[in-house]
Amino acid sequence: MEPMFHGETCLEALFAYKFTTRDTDSFDTTIQFLVKNGARCDVHPVKRLSIIERVANSKNYSIETFKIMLQYCTDMETKRRCLFLLNKYTKEEMMKFDE
């Protein structure tokens, strides 16, 4: 099945739907849907941060969303940077995604 978003970044797709980080519950649900359907989580031009780096730095996203984004991210350097950003407890939980 061909991805429905054709490489569009998650944030680009979310902004198109007028979501903000204040819409925490619906934002998590939507971002998970976008990633699973082909939206790119490893590239974003704003502030030179990828979408998963933004999630790693934010208290507004659930750890489940972060896990899904790491799982679908194709850039290993981005994955490593994101894992580095997490605190020790969470990093241990996420270590299996850094393979």
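First residue of the sequence shown? That's 9 in the numbering used here, and the numbers climb one at a time after it.
Glycine included, C-beta positions come from ideal geometry on N, C-alpha and C.
In this text, all values refer to a predicted model and were calculated from it rather than measured experimentally.
Burial of I76 is indicated by the presence of at least 16 other C-beta atoms within 10 angstroms of its C-beta. Put simply, the backbone Cα of T37 is about 15 Å away from that of G46.
For T73, the enclosing alpha helix (DSSP H) begins and ends at I71 to Y80. In the structure shown, D83 falls within a coil segment according to DSSP collapsed to helix, strand and coil.
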